[in-house]
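Right, one structure below, let's go through it.
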Amino acid sequence: MIYPGRDERVMRIVRKTVRGLCCHHKLRSTVFDGEVWADVQRFAVPPEWSAGMQAFDADADVLKYQFGLLKDDPDMESFWALRFFGRTPFHCIVYRSVETRKRSERHQAGALR
């Protein structure tokens, strides 16, 4: 069995897709891999994020996606919901920098203890 969230090859492609979409939508010309967090969908999109999300598709049978800008957040820049081949959903967050992503992950790890 394949678990996409545990397969680094899959997650690298998901992060690269989001990085390319950031450039395509002219959010930022360069997004580094370390600035993107991605995982299979494990939670519902918070209502305050989903209210401003825009929906698109690269090819309706291949990739449908939504994104929203997080203008008021000091660490996160945008939130993405991707669905590949109509079945596999992913959530991604683009952080403002590699440092803010690392700081956020340390904070979340400390909260889980």
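Using the numbering used here, read the sequence shown as starting at 140 and increasing by one per residue. A virtual CB, placed ideally from N, CA and C, is assigned to each residue, including glycine.
In the DSSP assignment, THR156 falls within the unbroken alpha helix (DSSP H) covering 147-163. Under DSSP, LYS241 shares a beta bridge with no residue. For GLU187, the enclosing alpha helix (DSSP H) has its first and last residue at 186-189. Closest by C-alpha distance to VAL153, out of TYR204, PHE195, GLN193, TRP188, is TYR204. For PHE195, DSSP records a beta bridge to TYR204. By the Cβ rule, the region 157-172 does not count as touching the region 181-190, because fewer than three pairs are nearer than 8 Å. When VAL237, ASP212, VAL201 are compared, the shortest CA-CA separation from LEU221 is found for VAL201.
Residue environment for TYR142: exposed (fewer than 16 other C-beta atoms within 10 angstroms of its C-beta). For PRO143, the three-state secondary structure derived from DSSP is helix.
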